[in-house]
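Numbering (the numbering used here), first residue to last: 60 to 182.
In structure tokens:
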């Protein structure tokens, strides 16, 4: 059976990225979290459904309207947050998830403290 896995990720209770890696042990895929003295627990590590459900619960009517105006579906926004590249936002306690390039790039800005979607842009 063939397959692939998205890159591992983990965030601590403060919303900061925590280094993590995958290894293969026999037929098991093992994710290791590399915490340190500044890691705030609990740590959320590579969940599949939880972020999608949490994001949908934290999507305000204003943001939903902006997504529609910009031609970004809620499913695409979820996919970018789950699989896109995460970087520090311009404002404190924010993260930017991005995927794609040029006019097809989607960027989703998230409040690290409560997971609220702040905005999403295209291009």
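All C-beta atoms, glycine included, are put in the ideal place defined by N, C-alpha and C. All of these numbers come straight from a predicted model, not from anything done at the bench.
- From the DSSP output, read off the bridge partner residues of residue 119. In the chain shown, counting from the first residue as 1, residue 119 sits at position 60. Looking at the DSSP assignment, residue 119 forms no beta bridge with any residue, so it has no partner.
- Item | Length of the line joining the Cα atoms of residue 86 and residue 80 | As a position in the chain shown, residue 86 is number 27, starting the count at 1. As a position in the chain shown, residue 80 is number 21, starting the count at 1. The straight-line gap from Cα to Cα measures roughly 16 angstroms.
- To the nearest angstrom, how far is it from the Cα of residue 131 to the Cα of residue 176? In the chain shown, counting from the first residue as 1, residue 131 sits at position 72. In the chain shown, counting from the first residue as 1, residue 176 sits at position 117. Distance between the alpha carbons of residue 131 and residue 176: 13 angstroms.
- Query: By DSSP, does residue 170 sit in helix, in strand, or in coil?
  - Reply: Residue mapping note: residue 170 aligns to position 111 of the chain shown, counting from 1. Three-state DSSP puts residue 170 in a strand.
- Item | Selected residue, minimal CA-CA separation from residue 172, among 154, 181, 161 | Looking up residue 172 in the chain shown gives position 113. When only C-alpha atoms are compared, the closest one is 154.
- Item | Cβ neighbour criterion (16 or more within 10 Å) applied to residue 169 | To locate residue 169, count along the chain shown from 1; it is residue 110. Residue 169 is buried by the Cβ-count criterion.
- Item | From 166, 167, 162, residue whose alpha carbon lies closest to that of residue 182 | Working through the chain shown from its first residue, we reach residue 182 at position 123. Of the listed residues, the one whose Cα sits closest to residue 182 is 162.
- Message: I'd like to check one pair, residue 144 with residue 158: are the Cβ atoms closer than 8 angstroms?
- Response: As a first step, residue 158 is located in the chain shown; it is residue number 99 there, counting from the start. As a first step, residue 144 is located in the chain shown; it is residue number 85 there, counting from the start. A contact, by the Cβ cut-off of 8 angstroms.
- Query: From residue 103 to residue 97, what distance separates their C-alpha atoms?
  - Reply: Counting from one through the chain shown, the residue named residue 103 turns up at place 44. Counting from one through the chain shown, the residue named residue 97 turns up at place 38. In a straight line, the C-alpha of residue 103 is about 15 angstroms away from that of residue 97.
- Task: Note the first and the last residue of the continuous alpha helix (DSSP H) segment covering residue 134.
- Result: As a working mapping, residue 134 is identified with position 75 in the chain shown. Counting along the chain, the unbroken alpha helix (DSSP H) around residue 134 starts and ends at 133-142.
- How long is the line joining the alpha carbons of residue 119 and residue 149, rounded to whole angstroms? Taking the first residue of the chain shown as 1, we reach residue 119 at position 60. Taking the first residue of the chain shown as 1, we reach residue 149 at position 90. In a straight line, the C-alpha of residue 119 is about 21 angstroms away from that of residue 149.
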